[in-house]
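Novice: Before I ask anything, let me first share the structure, which is written out below as structure tokens.
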């Protein structure tokens with residue numbers, strides 16, 4: 001045996017782009033070695049014609065083809081949000097669970113189409129599921145993206161294994177399950193280094209996962225199949241009307257029946273009846289059934305997600321709708337607006353203008369006007385809807401006319417003042433109210449209420465509206481002096497009413513005089529303490545406590561905010 005020859009090793013050398021130590025040729029290192037080409041989405045935004053920023057999806061950066069709006073007010077591409085749900089990723093600025101309520105943003109979609117036609121550009125096409133997934137992965141942090149990829153691969157492997165009809169004992173099934181577990185071992189997700197053995201050790205774990213995911217479907221109510229079948233297949237309006245009548249009666253039985261009947265199939269059938277003109281005879285019962293379904297808190301979000309709001313708005317707008325159908329449509333919107341998560345979506349779907357018309361028109365029945373007013377009151381608790389009320393042409397003057405009308409019923413006048421109080425919480429909307437003469441109108445109502453003119457039940461809402469308009473507005477001082485509001489406010493301060501009401505009247509008088517506050521500072525004429533829609537004041541001022549006190553007293557005033565509990 002001769003001497004052992006030295007071994008020769010052939011090592012491939014990769015020069016790092018940064019000039020430092022070499023690294024494996026990973027996608028990240030390749031991207032650092034040379035400038036990556038611009039993605040198609042980014043290249044579109046950097047084209048010669050600048051794309052408006054509001055037309056771009058915050059996730060993909062591309063022009064949106066199917067924009068949807070969330071309850072938070074942000075708009076995204078629908079495919080990107082669906083990819084976020086699959087990857088369990090919550091985009092920035094979206095509340096957890098809020099991505100489930102996606103409302104089509106038809107106005108933005110039309111604006112994008114108009115802009116593309118003007119600049120000579122083809123309308124954008126919806127991204128594929130794979131492209132949306134890649135965009136979401138780029139937007140995710142690296143660690144979260146890697147974990148989502150592993151989890152998705154694991155789910156696909158489990159589903160593939162569960163769909164196989166072969167037994168565990170056969171070689172084919174053993175090979176299938178072994179390869180499935182090799183994709184994502186359990187120890188790899190938990191950070192361990194040991195790899196499990198192939199075969200039977202993995203089989204019980206996969207079986208357990210499949211059993212957890214397979215949940216028995218809830219039983220279908222027989223009435224659901226009957227109603228859906230008649231609405232979709234029947235040619236005679238009498239058959240559809242009879243089906244809607246039976247559904248209306250069924251939704252009056254119990255809370256359990258209402259929850260069981262609130263399914264996407266049944267809500268789709270109701271939406272079809274409300275939208276098609278040939279089913280005008282069945283609209284009354286269909287709208288009443290929606291009112292009954294909206295009585296259950298668990299059903300409120302489901303009804304909005306199923307697209308029932310545009311159908312209800314169409315019933316309010318249509319001149320062919322019966323007065324009773326309009327009344328039930330307003331009641332359904334009132335019930336849906338009680339849920340805080342629904343308010344922004346209902347406002348985006350153009351429900352505010354027909355509700356304003358219903359409240360301010362004396363030609364409509366009092367009950368329909370009352371339900372429209374309660375719906376507007378709860379919708380205007382959201383800042384996005386306060387601006388819609390204030391900026392709708394003629395809305396502030398119409399609300400003030402109803403509140404000032406001596407011939408109007410007391411509850412209707414009170415509801416108009418309640419909406420004015422909510423709108424006055426925003427600085428920009430206060431200016432719109434003042435332009436419409438709100439200070440003089442409210443001062444006149446307050447003077448009549450404190451002077452024994454028969455409007456005593458409106459006094460507290462007038463004081464609340466005056467105080468809200470005085471916050472952060474130098475213009476209010478001159479308007480209030482010209483209207484003589486100090487006389488009525490002094491009577492409120494000298495009276496024996498509630499302490500909150502007297503305190504608000506006292507602070508409004510000090511705002512009119514420009515006096516110093518008790519702590520030596522001016523009475524907040526800069527607008528720094530009451531911001532639009534945040535509901536908080538510096539030092540816990542009286543505006544939040546006062547308005548909450550008034551809302552708690554709505555039962556005493558005959559205007560319940562707990563919802564329309566009556567069944568129709």
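Numbering (the numbering used here), first residue to last: 1 to 568.
Glycine included, every Cβ here is placed at the ideal spot set by N, Cα and C.
1. May I ask you to verify whether the stretch 377–391 touches the stretch 132–139, counting CB pairs closer than 8 angstroms and requiring at least 3?
2. Among 279, 90, 353 and 241, which one has its Cα closest to the Cα of residue 321?
3. Once you ignore the five residues that flank residue 223 on each side, which residues in its own chain have a CB closer than 6 angstroms to its CB?
4. What residue range is occupied by the uninterrupted alpha helix (DSSP H) comprising residue 67?
5. Under three-state DSSP, which class holds residue 56?
6. According to DSSP, simplified to helix, strand and coil, what is residue 87?
7. Within the same chain, show all residues whose beta-carbon is closer than 7 angstroms to that of residue 369, passing over the 5 residues directly before and after it, in chain order.
8. When the Cα atoms are used, what is the spatial distance from residue 269 to residue 366?
9. Less than 8 angstroms between C-beta atoms, sequence neighbours within five positions excluded: which residues of the same chain meet that for residue 105?
10. Any chance you could list the beta strand (DSSP E) runs of at least 3 consecutive residues sitting entirely within the stretch 349–435, in chain order?
11. Within a Cβ cutoff of 6 angstroms, which residues of the same chain sit near residue 260, ignoring the five residues on either side of it in sequence?
12. Which whole-angstrom value is the C-beta distance of residue 312 and residue 333, which I expect to be below 8 angstroms?
13. Which class does residue 101 belong to by DSSP, given the choice of helix, strand or coil?
14. Please report the distance separating the alpha-carbon of residue 304 from that of residue 373.
15. Going along the chain, which residues of its own chain have a beta-carbon closer than 7 angstroms to the beta-carbon of residue 301, five neighbours each way excluded?
16. Using DSSP's beta-bridge definition, name the partner residues of residue 76.
17. Check whether the stretch 422–430 and the stretch 383–395 are in contact - that is, three or more C-beta pairs closer than 8 angstroms.
18. Please name the residue in 404, 414 and 420 whose C-alpha comes closest to that of residue 391.
19. List the endpoints of the continuous alpha helix (DSSP H) containing residue 128.
20. CB-CB under 7 angstroms to residue 310, same chain, minus the five flanking residues each way: which ones, in chain order?
21. If contact is defined by three or more beta carbon pairs under 8 angstroms, each pair taking one atom from either stretch, is the stretch 80–96 in contact with the stretch 117–124?
22. Do residue 450 and residue 460 have their CB atoms nearer than 8 angstroms?
23. By the 10 Å Cβ neighbour count, where 16 or more other Cβ atoms means buried, how is residue 77 classified, buried or exposed?
24. Helix, strand or coil for residue 63? Go by DSSP, reduced to three states.
25. Alpha carbon to alpha carbon, what distance is there between residue 514 and residue 327?
26. Assuming residue 283 and residue 315 are in contact, meaning their beta carbons sit under 8 angstroms apart, how far apart are those beta carbons, in whole angstroms?
27. At which residue ranges does the stretch 214–257 contain complete alpha helix (DSSP H) runs of 4 or more residues, listed in the order of the chain?
28. Closest to residue 238 by C-alpha separation, out of 267, 258, 262 and 273, would be which residue?
29. Run the proximity test for residue 463: is its beta-carbon closer than 7 angstroms to any non-hydrogen atom belonging to the ligand ADP?
30. What are the boundary residues of the alpha helix (DSSP H) that includes residue 499?
31. What's the C-alpha gap between residue 418 and residue 60?
32. Quick one: what does DSSP say residue 94 is sitting in, helix, strand or coil?
33. Return the first residue and the last residue of the alpha helix (DSSP H) that residue 279 is part of.
34. By Cβ distance below 7 angstroms, which residues in the same chain neighbour residue 263 in space, the five residues on each side in sequence not counted?
35. Looking only at C-alpha atoms, which of 508, 288, 429 and 364 sits nearest to residue 409?
Specialist: The relevant details are as follows:
1. A contact is defined here as three or more CB-CB pairs under 8 angstroms, and the stretch 377–391 fails this definition with respect to the stretch 132–139.
2. If we check each option's Cα against that of residue 321, 279 comes out closest.
3. Excluding positions up to five away in sequence, the list reads 250.
4. Here residue 67 belongs to no alpha helix (DSSP H); instead the beta strand (DSSP E) covers 67–69.
5. In the structure shown, residue 56 sits in a strand (DSSP, three-state: E or B).
6. In this structure, residue 87 counts as coil in the three-state DSSP scheme.
7. Around residue 369: 358, 359 and 412.
8. Between the alpha carbons of residue 269 and residue 366 lies a distance of about 30 angstroms.
9. Same-chain partners within the cutoff: 67, 68, 69, 75 and 348.
10. List check, beta strand (DSSP E) in window: nothing returned.
11. Here the set comprises 221.
12. At roughly 6 angstroms, the Cβ-Cβ gap stays under 8 angstroms, so residue 312 and residue 333 are in contact.
13. The three-state reading of DSSP puts residue 101 in coil, since its state is none of H, G, I, E or B.
14. Those two C-alpha atoms are separated by around 20 angstroms.
15. Excluding positions up to five away in sequence, the list reads 101, 339, 341 and 342.
16. Residue pairing by DSSP places residue 76 opposite 68 in a beta bridge.
17. Result yes; three or more Cβ-Cβ pairs closer than 8 angstroms.
18. When only C-alpha atoms are compared, the closest one is 420.
19. For residue 128, no alpha helix (DSSP H) encloses it, and the DSSP letter there is neither H nor E.
20. Excluding positions up to five away in sequence, the list reads 349.
21. In the pairwise beta carbon analysis, the stretch 117–124 is classified as not touching the stretch 80–96: fewer than three pairs are separated by under 8 angstroms.
22. Between residue 450 and residue 460, the CB-CB gap reaches or exceeds 8 angstroms.
23. Residue burial annotation: residue 77 is buried, with at least 16 other C-beta atoms found within 10 angstroms of its C-beta.
24. Residue 63: strand per DSSP, three-state reduction.
25. If you draw a straight line from the Cα of residue 327 to the Cα of residue 514, it is about 47 angstroms long.
26. Residue 283 to residue 315, Cβ: 6 angstroms. Contact.
27. The stretch 214–257 contains these whole alpha helix (DSSP H) runs: 222–233 and 237–250.
28. The shortest Cα separation from residue 238 among 267, 258, 262 and 273 belongs to 273.
29. Absent from the structure shown: the ligand ADP. Ligands present: none.
30. Per DSSP, residue 499 is one residue of the alpha helix (DSSP H) stretching across 499–513.
31. Using only the alpha carbons, I get a separation of about 42 angstroms.
32. Coil.
33. Where residue 279 is concerned, there is no enclosing alpha helix (DSSP H), because DSSP gives it neither an H nor an E.
34. Once the five neighbours on either side are set aside, the close Cβ partners of residue 263 are 224.
35. The shortest C-alpha separation from residue 409 is found at 364.
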